[in-house]
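Undergrad:
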Amino acid sequence: MANPLDGVVPDFTIFGAQFTELWQQVLGGLWGIAIVIAVVFVIVGLVTMGKAGGSNPHSYKEGQTQLKWALISLAGLAALAVGVGAILALVG
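Just so we're aligned, residue 5 is where the sequence shown starts under the numbering used here, counting upward by one.
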């Protein structure tokens with residue numbers, strides 16, 4: 005049986021230029037909000053580490069863990085377009 009999807013590629017232009025512009029703006033806005041939230045978590049992690057002091061190593065460790073995950077999330081969001089592009093290039 006032949007592949008029924010052979011030669012078919014995703015194309016949003018069928019819905020018109022206005023739809024394409026709309027979903028790109030919405031996606032870009034959501035991506036921007038996610039980056040701002042990740043930056044807020046980076047700041048909160050730094051403040052938690054700073055407030056812990058030497059007398060509370062557990063609180064310092066919690067802040068350090070939060071900072072680490074916030075930085076990983078921020079890096080992932082920053083590299084999202086490159087990652088998606090690479091995956092589509094490999095698969096396509």
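A virtual CB, placed ideally from N, CA and C, is assigned to each residue, including glycine.
First and last residue of the alpha helix (DSSP H) that includes Ser84?
TA: Sequence inspection shows Leu at residue 84; the Ser mentioned does not correspond to that position. Per DSSP, Leu84 belongs to the alpha helix (DSSP H) from Leu84 to Val95.
Undergrad: Would you kindly work out how many angstroms separate the C-alpha atoms of Ala38 and Met5, rounded to a whole number?
TA: If I take the Cα positions, the gap works out to 44 angstroms.
Undergrad: Along the alpha helix (DSSP H) that carries Leu26, what are the first and last residues, could you check?
TA: Per DSSP, Leu26 belongs to the alpha helix (DSSP H) from Ala21 to Ala56.
Undergrad: In whole angstroms, what is the alpha-carbon distance linking Gly54 and Leu71?
TA: If you take the alpha carbons of Gly54 and Leu71, they lie about 12 angstroms apart.
Undergrad: Mind checking Gly49: buried by the 16 CB within 10 Å criterion, or exposed?
TA: Gly49 comes out buried.
Undergrad: Go ahead and pull the three-state DSSP assignment for Pro61.
TA: Pro61: helix per DSSP, three-state reduction.
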